[in-house]
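A.B. asks: Be aware that the sequence shown starts at 342, since it is given in the numbering used here, and climbs by one per residue.
Beta carbons are placed, not taken as given, at the ideal position from N, Cα and C, and that holds for glycine.
What follows is a single structure, and I will ask about it in a moment.
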Amino acid sequence: MKSIIATLQKKNLLLLFLLVFAVSCGKDDPPPYEPEYLESYETIQTFSKEQIQANVGSGELFPAEAAAFVQFGVKAVRINYHTIGVNGEPVLASGALLVSASTNKLPMLSFQHGTLSSPSEAPSLFQSLYTEQLTFFASIGYHTALPDYIGYGATANLEHPYEHRASLATATRDMIRASYEYFKVERLTEPDNRLFLTGYSEGGFATMATLKLMQEEHPQEFNITAATVGAGAYNKTATAKYVISSNENQEYINTFLWVLDVYNRIYPQLQRPWSVYLNEPWASQVQQNGVFTPVELNPSLLFREDFVTGVLNGTDTDMLAALADNDIFDWRPGFPIRLFHGDADRLVPYLNSETAFEAMQAQGTQNIQFITTEGGTHETSLGDYIMGTFTFFFSVQGKDAPAW
């Protein structure tokens with residue numbers, strides 16, 4: 342009998358010990374973090390420091406000398422996150438997060454991609470050399486977020502709202518939020534409170550739209566340290582007037598038709614047939630085959646005269662309202678910002694950066710510069726923007742920037 346009692350006592354003591362141990366462990370381990378924007382994630386690929394040095398040294402995007410600045414390996418993570426669509430509807434979007442292998446607190450950088458020639462170029466798919474080379478930024482000390490935007494990656498089933506201010510800004514903002522949450526979920530060293538943003542072409546427009554949204558609607562949430570924007574169409578109204586009134590061939594006219602098509606679908610006051618905008622036979626061809634069907638390159642022959650007149654003299658108020666809703670050139674950034682553009686850019690007219698710089702100066706922006714690539718086209722000015730961004734962000738942090 343005594344042995345049975347002793348055995349029971351030992352079992353009770355063991356249970357009590359396990360209970361106390363479990364409770365004490367529960368006190369030490371915080372509950373799992375419940376993210377609001379981050380839905381899921383998976384590692385795409387990891388890169389050693391040596392691999393990144395070899396990629397950068399190839400000279401495709403950066404000068405070969407930039408390889409000497411690589412410090413850390415990088416892990417590329419595919420992020421799925423919650424955002425909203427063009428009509429405010431819930432959307433599960435995606436992007437890539439490049440996580441530096443450094444264990445120190447690092448700043449976050451959000452890089453907004455330009456116009457994609459193929460859906461396979463979406464950052465979260467990590468199939469293009471361009472995306473792979475952006476591991477450089479993470480390797481030199483920036484955790485780097487790369488939003489796909491709606492219409493790419495996880496939302497490839499949706500139409501991409503090309504050059505639409507509101508949806509580009511919210512998709513970028515929420516990708517950044519989800520990226521911060523990733524570090525909390527994984528219990529990694531979280532980024533510090535410095536946030537850098539940059540983008541070129543459509544990415545320049547998306548960056549400018551995001552900066553304005555963050556400053557005006559989320560001033561306490563985001564600490565914007567500095568930003569660069571390259572060759573973005575910030576002044577949609579002036580750009581549209583310039584293009585449709587031109588009497589010379591515009592080799593990128595289909596890209597303008599893409600913007601027109603997006604606004605025509607999104608804004609309820611428009612939703613017009615192409616016959617309102619274009620002369621025949623191009624109106625019927627675009628209506629049937631889409632905006633990238635071959636058309637007349639001279640706007641004076643392509644666009645209907647009454648449409649052009651309505652925009653230029655101010656009577657087409659519905660179209661002008663849609664364009665104005667996407668103008669993001671006239672405001673006052675409260676952080677250091679640099680604008681880059683080539684003065685021979687045929688895709689995004691140089692006037693976009695000119696008018697933005699002038700308007701921002703007039704608004705009282707303190708720390709702003711406009712860097713022109715003389716004779717630079719949309720393609721050939723990319724290098725100046727990339728290296729200008731690299732050196733500018735270094736200088737903002739008090740680091741010595743190289744002279745390439």
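(1) With H, G and I counted as helix, E and B as strand and the rest as coil, what does DSSP make of Glu383?
(2) His501: buried (16+ other C-beta within 10 angstroms of its C-beta) or exposed?
(3) Mapping the DSSP letters down to three states, classify Thr444 as helix, strand or coil.
(4) So what's Ala768 in DSSP terms, helix, strand or just coil?
(5) Once the 5 residues before and after Ser469 are set aside, which same chain residues still bring their CB inside 8 Å of it?
(6) Measuring CA to CA, which of Pro674, Leu643, Gly398 and Thr496 is closest to Ala700?
(7) Quick check on the burial criterion: 16 or more other C-beta atoms within 10 angstroms. Buried or exposed for Phe733?
(8) Applying the 10 Å Cβ sphere with the 16-neighbour rule, what's the burial state of Asp686?
(9) If you follow the alpha helix (DSSP H) that Asn498 is part of, which residue opens it and which one closes it?
(10) Less than 9 Å separating the beta-carbons of His423 and Glu377?
(11) Which of helix, strand or coil does DSSP assign to Ser508?
(12) Would you mind sorting Tyr503 into buried or exposed? The rule is 16 or more other CB atoms within 10 Å of its CB.
(13) Would you call Gln591 buried or exposed, if buried means 16 or more other Cβ atoms sit within 10 Å of its Cβ?
(14) Can you tell me whether DSSP reads Val586 as helix, strand or coil?
(15) Going straight from the alpha carbon of Gly631 to that of Thr548, what length do you get?
(16) So, at 8 Å on beta carbons, what are the nonlocal neighbours of His505 in its own chain, with the 5 sequence-adjacent residues on each side left out?
(17) Tell me which same chain residues have a C-beta within less than 7 Å of the C-beta of Val526, skipping the five on either side of it?
C.D. replies: Quick look at the numbers:
(1) strand
(2) buried
(3) coil
(4) The first residue shown for the chain is 342 and the last is 745, placing residue 768 beyond what the model contains.
(5) For Ser469, where only same-chain residues beyond five positions count, the Cβ hits under 8 Å are Ser461 and Glu462.
(6) Pro674
(7) buried
(8) With 16 or more Cβ atoms within 10 Å of its Cβ, Asp686 is classed as buried.
(9) That residue, Asn498, is in no alpha helix (DSSP H); it is neither H nor E in DSSP.
(10) yes
(11) helix
(12) buried
(13) buried
(14) Here residue 586 is Ser; the residue named in the question, Val, does not match the sequence. Three-state DSSP puts Ser586 in coil, outside helix and strand.
(15) Within the model, the alpha-carbon separation for Gly631 versus Thr548 is close to 28 Å.
(16) Here the set comprises Val427, Val603, Tyr604, Ile607 and Asn667.
(17) Excluding sequence positions up to five before and after Val526, its CB lies within less than 7 Å of the CB of Tyr374, Pro376 and Leu379, all in the same chain and listed in chain order.
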